[in-house]
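A quick write-up on the structure given underneath.
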Amino acid sequence: MTDTGRVIALIPARAGSERVKQKNTRPFAGFDGGLLELKLNQLARVPEVSEIIVSTNDPVVLDYATQFARDHDRRVSPIERPDELGASSTPISAFIRYAATLRETGVMMMTHVTHPFLTAAVFADLIAAWRAAEARGHDSLVTVTTLHKFIWDENGPYNYDNTVEKWPRSQDIKPLFEINHAAYLMPFARMRAVDDRIGTNPYLHDMPERLVMDIDWEDQFHLLEDIALARKARGISLL
Ligand SMILES: CC(=O)N[C@H]1[C@H]([C@H](O)[C@H](O)CO)O[C@](O)(C(=O)O)C[C@@H]1O
Numbered sequence: 000m001t002d003t004g005r006v007i008a009l010i011p012a013r014a015g016s017e018r019v020k021q022k023n024t025r026p027f028a029g030f031d032g033g034l035l036e037l038k039l040n041q042l043a044r045v046p047e048v049s050e051i052i053v054s055t056n057d058p059v060v061l062d063y064a065t066q067f068a069r070d071h072d073r074r075v076s077p078i079e080r081p082d083e084l085g086a087s088s089t090p091i092s093a094f095i096r097y098a099a100t101l102r103e104t105g106v107m108m109m110t111h112v113t114h115p116f117l118t119a120a121v122f123a124d125l126i127a128a129w130r131a132a133e134a135r136g137h138d139s140l141v142t143v144t145t146l147h148k149f150i151w152d153e154n155g156p157y158n159y160d161n162t163v164e165k166w167p168r169s170q171d172i173k174p175l176f177e178i179n180h181a182a183y184l185m186p187f188a189r190m191r192a193v194d195d196r197i198g199t200n201p202y203l204h205d206m207p208e209r210l211v212m213d214i215d216w217e218d219q220f221h222l223l224e225d226i227a228l229a230r231k232a233r234g235i236s237l238l
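Going by numbering that gives the first Met the number 0, the first residue of the sequence shown is number 0, and it counts up by one from there.
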């Protein structure tokens with residue numbers, strides 16, 4: 000029988016990020032271990048998670064995760080990743096194929112250190128949303144940002160018809176869903192069956208911008224650090 004009861008968090012943190020140097024472990028908003036320390040502390044406060052895998056080919060990340068497992072939370076499992084699966088040239092699909100083999104059973108919850116505002120309570124909500132979605136027959140959950148925006152392509156308006164109404168109210172525009180990479184939940188067995196981190200009947204879980212803001216570029220690192228510090232100064236926990 001396939002066991003989908005256990006939720007296993009998976010943090011991919013490859014070496015050598017190009018756009019944001021030392022992205023995973025550079026000090027961030029008072030966390031000396033950086034975004035990785037923040038993410039591990041958030042997940043450490045989620046009792047619904049049975050294991051927290053850190054997949055990396057970066058010795059600094061490996062050391063940090065090993066030390067965190069020893070000193071703070073035994074659920075953390077650092078797993079060394081072959082270098083060829085952690086290069087900037089590695090296709091994401093090759094990494095996903097490998098990730099699907101990391102555990103035989105259970106539900107993978109992939110999340111990235113680059114989303115600093117996913118607190119323990121947010122992860123608990125995500126897991127509850129997955130359980131409800133699974134009960135309705137969905138095979139995966141992917142987090143999205145719902146866009147009610149005026150999107151154009153080279154032919155003009157993409158998601159509204161300006162021959163009907165030049166400027167519809169934004170709430171009346173057909174929504175588009177941006178995959179925001181905050182989290183993917185899917186049983187490992189199902190990942191292997193479809194060779195992806197999204198299944199054939201995914202539940203699109205909408206999340207507000209304030210939770211899913213992420214760091215892709217150097218200026219975003221500083222912007223989100225400013226926001227994190229401002230929240231801390233107001234007594235709002237990042238955990
Ligand atoms: C949005 C997305 O898919 N991110 C993926 C990134 C990017 O592929 C990589 O940073 C190049 O931009 O790589 C990982 O972090 C990694 O291999 O550890 C897995 C992660 O799921």
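Note that CB positions come from ideal geometry on N, CA and C, so glycine has one too.
Since this is a predicted model, take the numbers as computed values, not measurements.
Return helix, strand or coil for residue i, following the three-state DSSP convention.
| i | result |
| --- | --- |
| residue 63 | helix |
| residue 90 | coil |
| residue 81 | coil |
| residue 68 | helix |
| residue 33 | helix |
| residue 114 | coil |
| residue 58 | helix |
| residue 163 | coil |
Alpha carbon to alpha carbon, how far is residue j from residue i? Give it in angstroms, no decimals.
| i | j | result |
| --- | --- | --- |
| residue 125 | residue 8 | 12 angstroms |
| residue 225 | residue 196 | 32 angstroms |
| residue 62 | residue 55 | 10 angstroms |
| residue 158 | residue 70 | 51 angstroms |
| residue 91 | residue 11 | 11 angstroms |
| residue 59 | residue 24 | 8 angstroms |
| residue 110 | residue 172 | 30 angstroms |
| residue 30 | residue 49 | 24 angstroms |
For my contact list, residue i and residue j are in at a C-beta cut-off of 8 angstroms; report their separation, rounded to the angstrom.
| i | j | result |
| --- | --- | --- |
| residue 39 | residue 51 | 7 angstroms |
| residue 200 | residue 137 | 5 angstroms |
| residue 96 | residue 194 | 6 angstroms |
| residue 106 | residue 18 | Not confirmed; about 30 angstroms, so no contact. |
| residue 3 | residue 133 | 7 angstroms |
How about residue i and residue j: do their beta carbons lie closer than 8 angstroms?
| i | j | result |
| --- | --- | --- |
| residue 22 | residue 113 | yes |
| residue 64 | residue 77 | yes |
| residue 104 | residue 192 | no |
| residue 184 | residue 129 | yes |
| residue 28 | residue 181 | no |
| residue 176 | residue 203 | yes |
| residue 115 | residue 222 | no |
| residue 94 | residue 45 | no |
| residue 86 | residue 57 | no |
When you measure from the CB of residue i to every non-hydrogen atom of ligand 2, does any distance come out below 7 angstroms?
| i | result |
| --- | --- |
| residue 201 | Ligand 2 is absent from the structure shown, which contains only ligand 1. |
Any heavy atom of ligand 1 closer than 7 angstroms to the CB of residue i?
| i | result |
| --- | --- |
| residue 13 | yes |
| residue 85 | yes |
| residue 91 | yes |
| residue 180 | yes |
| residue 242 | In the structure as shown, the chain begins at 0 and stops at 238. Residue 242 is therefore absent and cannot be evaluated. |
Chain B beta carbons: is any one of them nearer than 8 angstroms to that of residue i?
| i | result |
| --- | --- |
| residue 84 | The displayed structure is made up of one protein chain only, and chain B is not part of it. |
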